[in-house]
Amino acid sequence: MKLSKLAFATALMGASCSLSLNAVAQSTDVQDVVKAGQKINQSADMSQKKIDKISDQIQTKLQQFKTVNKEIDGLNVYNGQMQKQIDNQLTELNDIATSMEQVSIIERQISPLMARMISTLEAFVSLDVPFLPEEREKRIESLNSMMERADIAVSEKFRRVLEAYQIEVDYGRTIEAYSGLLDVDGQEQNVEFLRIGRISFLYQTRDGSKLGLWNQETKAWDDLPASYRSDINKALRIARKQLAPDLVVVPLNVSE
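Residues -25 to -1, 1 to 231 in mature numbering (1 follows the signal peptide of the UniProt record, and there is no 0) are what the sequence shown spells out, letter by letter.
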């Protein structure tokens, strides 16, 4: 009986030891698992941080990429506009080059034209009613001397020639009064000239004793009766802008 109890006690002790060893083994396994779990969590946390960092970098790069793309689109539009401007400028340069080639041709042709225009104007003045003779002759002399000058552009020469023609045209539609010297009955006297367009060119002495009308056919002055004195005086005052425009009766030199 004692042996049986001893054996039982021994068995219990063995079982107890076995349980203790199992408990210790399980405790060790749990700690290892916990430590492994902690390491996994730490590793996962580090991995997540790396992922977050990489994600931030990707977002930054993506934003930069979008910004660069917008800049590229803007530059493409700008380059397109600049290219159109360059094409237009090249077209203009070609036009200018063509014009410059034509200018030399025009200059060679326009100089003889201006010379002929001045000669024609000079002949016209010499055949026209002889009002303002000194002023008109001086204008033509100025044009002739201008043609010999190299410091005046062809365009400016042409403008002055046209201006002289315009002045002559204006004489035909204006009224003018001016003083001058005239040989009256063999004696030079200071008289008042009255020009009404080109249809009537008259004079009157200072004292009003002599009146005359230029006869374009005879190239001489015809005497006028004293009955025209009042109208001529009125016309002289209108020409000097001393009276408002009004109806006056003056003789006309009408050629057949």
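Just so you know, even glycine gets a beta-carbon here, dropped at the ideal spot from N, CA and C.
Check, Outcome
"Against chain D, does lysine 28 count as a neighbour if the rule is that its beta carbon must be under 8 Å from one of theirs?", "Here chain D cannot be found, since the structure has a single protein chain."
"Should serine 175 and leucine 227 be called a contact, given that it needs their Cβ atoms to be closer than 8 Å?", "yes"
"Among the residues of its own chain, which have a CB less than 6 Å from the CB of phenylalanine 106, if the five just before and after it don't count?", "Arg170 and Phe176"
"Is it true that the region 144 to 156 meets the region 188 to 195, where meeting means three or more beta-carbon pairs spaced less than 8 Å apart?", "no"
"With DSSP collapsed to three states, give me the class of leucine 68.", "helix"
"In angstroms with no decimal places, state the Cα-to-Cα distance between leucine 50 and leucine 65.", "22 Å"
"Give the straight-line distance between the Cα atoms of glutamate 131 and glutamine 60, rounded to the nearest whole angstrom.", "33 Å"
"Roughly how many whole angstroms lie between the Cα atoms of valine 129 and asparagine 119?", "13 Å"
"Quick one: give me the first and last residue of the alpha helix (DSSP H) that glutamine 141 is part of.", "129 to 146"
"Are alanine 90 and methionine 122 closer than 8 Å when you measure CB to CB?", "yes"
"Given a cut-off of 8 Å on the beta-carbon distance, is the pair arginine 124 and tyrosine 146 in contact?", "no"
"Just to confirm, are glutamine 179 and glutamate 163 a CB contact at a threshold of 8 Å?", "no"
"Could you say which of Arg215, Lys209 and Gln217 lies nearest to valine 225 if we only look at CA atoms?", "Lys209"
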